[in-house]
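All residue numbers for the sequence shown refer to my numbering, where the first residue is 3 and numbers rise by one. Read through the structure below, which is laid out as C-alpha cells, and then see the notes.
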Amino acid sequence: MGRWLRKWLLVDLLKGLWVTLKYTPQPAFTFQYPQERRAVSPRFRGVLRLQVEPATGAQTCIVCDQCAKVCPDDLIALGGHREAGLKIKVLDYFDFNLSRCSFCGLCAEVCPTRPIKALIMSEDYELGSYSRETQIIRVDQMYDGPPIEVYTR
Ligand code: SF4
Ligand code: SF4
C-alpha cells in the first residue's frame with residue numbers, strides 16, 4: 003500500500019487503537035510491592051544469607067572460612083571461637099560487603115555443611131541503602147536481612 007494511501011486511510015492510527023483494545027480487557031500485571039513480592043526463579047541469586055537448623059535454631063556455620071577464601075573480591079570476613087563441649091566453633095562475626103558483590107555464588111557453592119547449607123544465595127533482592135556503611139552486612143543481619151521499610155502516603 004502506498005504511503006499516501008496509508009496516511010489517508012489512517013492505517014497506523016487504527017493499528018495503534020487495535021493494540022490498545024486488545025490489551026484493555028486483560029487484568030493489570032501489577033504487584034503491590036513490598037506487600038506483594040513477585041516469585042523469583044529457582045536459581046535466582048539474591049543477597050547472601052546464613053541459615054540455622056530449622057528445628058532447633060542452632061548455628062550451622064562451622065567457621066571453616068572457605069567462603070571467605072574463595073571470594074574473588076575478598077568481601078567476606080568471619081571469625082569464631084571454640085567453647086568447651088561444643089563440636090563446632092561459635093561464630094563471632096560475619097561481615098559481608100554487599101556493595102561490591104558480583105553474585106557469582108562461589109561462596110555459597112563451597113559451603114560444605116549438609117543437609118542444611120550454612121550460606122546460601124537467598125531470594126532477597128532488596129539491596130538498596132543510603133550509605134556505604136549499611137552495605138556491610140553484619141552477622142545479626144545475615145540471617146533475616148535488614149527490615150524492609152514500608153512507606154505510607
Ligand atoms: S557471591 Fe561471589 S563476589 Fe559475592 S561474596 Fe560470594 S564469592 Fe564474593
Ligand atoms: S563456608 Fe559455610 S560453613 Fe564455612 S565459614 Fe563459610 S558459611 Fe560457614
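Where a beta carbon is used, it is the ideal one built from N, C-alpha and C, also for glycine. This structure is a prediction, so every number in the text was calculated from the model and none was measured.
Residues bridged to residue i (per DSSP)
i, result
"Gly81", "Tyr95"
"Gln61", "Val54"
"Tyr138", "Reading off the sequence, residue 138 comes out as Ile, not Tyr. Ile138 is bridged to Asn99."
Cα-Cα separation between residue i and residue j, rounded to whole angstroms
i, j, result
"Val13", "Val21", "13 Å"
"Cys73", "Thr136", "20 Å"
"Arg47", "Pro29", "29 Å"
"Thr58", "Cys106", "30 Å"
"His83", "Asp76", "21 Å"
"Thr32", "Trp10", "38 Å"
"Glu85", "Tyr35", "44 Å"
"Ile78", "Lys24", "51 Å"
Boundaries of the alpha helix (DSSP H) in which residue i is found, first to last residue
i, result
"Leu19", "Val13 to Tyr25"
"Leu52", "Looking at the DSSP string, Leu52 is not in any alpha helix (DSSP H); the run it does join, the beta strand (DSSP E), is Leu50 to Leu52."
"Lys119", "Segment: none, Lys119 is in no alpha helix (DSSP H) and carries neither H nor E."
Contact under 8 Å by Cβ, residue i with residue j
i, j, result
"Leu100", "Leu129", "yes"
"Gly1", "Arg51", "This structure cannot speak to residue 1, because the chain is shown only from 3 to 155."
"Val49", "Asp97", "no"
"Leu93", "Val141", "yes"
For residue i, the nearest candidate out of the options (CA to CA)
i, options, result
"Gln68", "Gly81, Gln61 and Ala57", "Gly81"
"Ile64", "Tyr127, Arg116 and Leu11", "Arg116"
"Cys113", "Arg134, Gly4, Val141 and Gln53", "Gln53"
"Thr62", "Ile78, Lys91, Val42 and Ser43", "Lys91"
"Lys71", "Ala110, Ser133, Thr154 and Lys119", "Ala110"
"Tyr145", "Gln34, Glu55 and Gly18", "Glu55"
"Ile118", "Leu7, Gly4 and Ala60", "Ala60"
Span of the beta strand (DSSP E) around residue i
i, result
"Leu7", "Looking at the DSSP string, Leu7 is not in any beta strand (DSSP E); the run it does join, the alpha helix (DSSP H), is Arg5 to Trp10."
"Leu108", "Not the beta strand (DSSP E): Leu108 falls in the alpha helix (DSSP H), residues Leu108 to Val112."
"Ile90", "Where Ile90 is concerned, there is no enclosing beta strand (DSSP E), given that its DSSP letter is neither H nor E."
Cβ-heavy atom distance, residue i to ligand 4, below 7 Å
i, result
"Cys66", "Ligands displayed in this structure: ligand 1 and ligand 2; ligand 4 is not among them."
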